[in-house]
Amino acid sequence: KAGVTQTPRYLIKTRGQQVTLSCSPISGHRSVSWYQQTPGQGLQFLFEYFSETQRNKGNFPGRFSGRQFSNSRSEMNVSTLELGDSALYLCASSPTNSNNSPLHFGNGTRLTVT
Amino acid sequence: GNSVTQMEGPVTLSEEAFLTINCTYTATGYPSLFWYVQYPGEGLQLLLKATKADDKGSNKGFEATYRKETTSFHLEKGSVQVSDSAVYFCALIPIKAAGNKLTFGGGTRVLVKP
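Residue numbers (this note's numbering), protein chains in the order written: chain A, 193 to 306; chain B, 45 to 158.
In structure tokens:
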């Protein structure tokens, strides 16, 4: 069974641009969560989608948005990029949105904003 | 709010040494507790979990016991290998939380030398 696939693996953007990251969950998984990982702030929850609906949202500005498609694939968009958005963005999938379902993480997309 | 505190690293050990990584938490009620491991260049992998007080999670020689009285979930391994070099994250989900919103500790880097 293929794992969680995130594309692209690396991305370099300049301030003010926007970026879209993609996540394909494990087949059959309907919940997709996104996390931001930085050396200073650690791992922070961005949002979670289940059956195409946003179920949870972290404390990030509105520049960060996401969506989920009917095949459970998810995209995350960041507009008007800032230097502080440089981070590893991790996607995780789970069969359900029950808090006892283990999360399966992808290898992440490393975003560098210059 | 919910929070997880881990001992700061890096922790440097010799092969076959005993490893302990301390983790304490603050949460409303009794959360589910997790240890995740991140190898270089990869996403996070679930190492073990415990969902109620006095539960012991174990996997790959690692163990952690859910201690309600001390709000702790310390990770231990009796004899580490070079391949255990990684960053270890303690995390929680509140027991009545909807969805998969994990709160992570800051991570502890472990380096095992031959």
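By construction, the Cβ of each residue, glycine as well, lies at the ideal position given by its N, Cα and C atoms.
Please name the residue, chosen from A:304, A:216, A:194 and A:206, that lies closest to residue 259 (chain A) on a Cα-to-Cα basis.
-> Counted from its first residue, the first sequence places residue 259 (chain A) at position 67. Closest by alpha carbon: A:216.
Boundaries of the beta strand (DSSP E) in which residue 295 (chain A) is found, first to last residue = Translated into the one-based positions of the first sequence, residue 295 (chain A) becomes position 103. That residue, residue 295 (chain A), is in no beta strand (DSSP E); it is neither H nor E in DSSP.
Compute every distance between the C-beta of residue 145 (chain B) and the non-hydrogen atoms of the ligand MG, then say whether any falls below 7 angstroms.
-> Looking at this structure, you won't find the ligand MG or any other ligand, since it has none at all.
What residues in its chain sit with their C-beta under 7 angstroms from that of residue 207 (chain A), if we drop five residues either side in the sequence?
-> Your numbering for residue 207 (chain A) matches position 15 in the first sequence. Residues of the same chain with a CB within less than 7 angstroms of the CB of residue 207 (chain A), apart from the 5 flanking positions on each side, are 273, 274, 275 and 305 in chain order.
Are residue 149 (chain B) and residue 48 (chain B) closer than 8 angstroms when you measure CB to CB?
-> As a working note, residue 149 (chain B) is residue 105 in the second sequence. As a working note, residue 48 (chain B) is residue 4 in the second sequence. For the pair residue 149 (chain B) and residue 48 (chain B), the CB atoms are nearer than the 8 angstroms cut-off.
Could you run through the region 124 to 148 of chain B and flag, in chain order, every residue whose CB is less than 9 angstroms away from some CB of chain A?
-> So the close ones are 133, 135, 137, 138, 139, 140, 141, 142, 143, 144, 145, 146, 147 and 148.
Does the separation of the CB atoms of residue 105 (chain B) and residue 62 (chain B) fall below 8 angstroms?
-> The residue you call residue 105 (chain B) lines up with position 61 of the second sequence. The residue you call residue 62 (chain B) lines up with position 18 of the second sequence. Cβ atoms of residue 105 (chain B) and residue 62 (chain B): not closer than 8 angstroms.
Would residue 88 (chain B) pass as a contact of residue 110 (chain B) if the rule is Cβ separation under 8 angstroms?
-> Taking the second sequence and counting its residues from 1, one reaches residue 88 (chain B) at position 44. Taking the second sequence and counting its residues from 1, one reaches residue 110 (chain B) at position 66. Judged by beta-carbon spacing, residue 110 (chain B) lies beyond the 8 angstroms limit of residue 88 (chain B), meaning their Cβ atoms are not closer than that value.
Anyone know if the C-beta pair for residue 93 (chain B) and residue 240 (chain A) falls short of 8 angstroms?
-> Position 49 of the second sequence, counted from the first residue, corresponds to residue 93 (chain B). Position 48 of the first sequence, counted from the first residue, corresponds to residue 240 (chain A). Cβ atoms of residue 93 (chain B) and residue 240 (chain A): not closer than 8 angstroms.
Start-end ranges of the alpha helix (DSSP H) lying completely within the region 110 to 142 of chain B, minimum 4 residues = Fully enclosed alpha helix (DSSP H) runs of 4 or longer: not present.
Flag this pair as yes or no: are the beta carbons of residue 286 (chain A) and residue 223 (chain A) separated by less than 8 angstroms?
-> In the first sequence, residue 286 (chain A) corresponds to position 94, counting from 1. In the first sequence, residue 223 (chain A) corresponds to position 31, counting from 1. By the CB criterion at 8 angstroms, residue 286 (chain A) and residue 223 (chain A) fall inside the cutoff.
Beta-carbon proximity check, residue 283 (chain A) vs residue 271 (chain A), cutoff 8 angstroms = Reading the first sequence from its first residue, position 91 is the one you call residue 283 (chain A). Reading the first sequence from its first residue, position 79 is the one you call residue 271 (chain A). Result no, Cβ atoms of residue 283 (chain A) and residue 271 (chain A) do not sit closer than 8 angstroms.
For residue 235 (chain A), go through chain B and note every residue whose CB falls closer than 7 angstroms to its CB, in chain order.
-> Position 43 of the first sequence, counted from the start, is the residue given in the question as residue 235 (chain A). Within 7 angstroms Cβ-Cβ: 133 and 148.
Contact between the region 244 to 252 of chain A and the region 124 to 144 of chain B (3+ Cβ pairs under 8 angstroms) | The region 244 to 252 of chain A is in contact with the region 124 to 144 of chain B.
Please say whether residue 46 (chain B) and residue 68 (chain B) have beta carbons closer to each other than 8 angstroms?
-> One-based indexing of the second sequence puts residue 68 (chain B) at position 24. One-based indexing of the second sequence puts residue 46 (chain B) at position 2. No. Outside cutoff.
What runs of the beta strand (DSSP E), each 3 residues or longer, lie entirely inside the region 243 to 287 of chain A?
-> Taken in chain order, the unbroken stretches of beta strand (DSSP E) that lie wholly in the region 243 to 287 of chain A and span 3 residues or more are 245 to 249, 256 to 260, 266 to 270 and 279 to 286.
Are the C-beta of residue 92 (chain B) and some C-beta of chain D separated by less than 8 angstroms?
-> No chain D is present in this structure, whose protein chains are A and B.
Tell me, which residues are paired with residue 62 (chain B) by DSSP?
-> Working through the second sequence from its first residue, we reach residue 62 (chain B) at position 18. Looking at the DSSP assignment, residue 62 (chain B) forms no beta bridge with any residue, so it has no partner.
Quick one: what's residue 212 (chain A) bridged to in DSSP?
-> Within the first sequence, residue 212 (chain A) is the residue found at index 20, counting from 1. DSSP, once it has assigned bridges, lists A:269 as partnering residue 212 (chain A).
Among B:56, B:81 and B:51, which one has its Cα closest to the Cα of residue 158 (chain B)?
-> To locate residue 158 (chain B), count along the second sequence from 1; it is residue 114. Closest by alpha carbon: B:56.
At a CB-CB cut-off below 7 angstroms, which residues of chain B make contact with residue 273 (chain A)?
-> Position 81 of the first sequence, counted from the start, is the residue given in the question as residue 273 (chain A). Simply none; closest approach about 22 angstroms.
Select from B:97, B:84, B:108 and B:125 the residue whose C-alpha is nearest the C-alpha of residue 74 (chain B).
-> By one-based count along the second sequence, residue 74 (chain B) stands at place 30. Of the listed residues, the one whose Cα sits closest to residue 74 (chain B) is B:97.
Beta-carbon neighbours of residue 300 (chain A), restricted to chain B and to distances below 7 angstroms | Taking the first sequence and counting its residues from 1, the one referred to as residue 300 (chain A) is at position 108. Chain B residues near residue 300 (chain A): 87.
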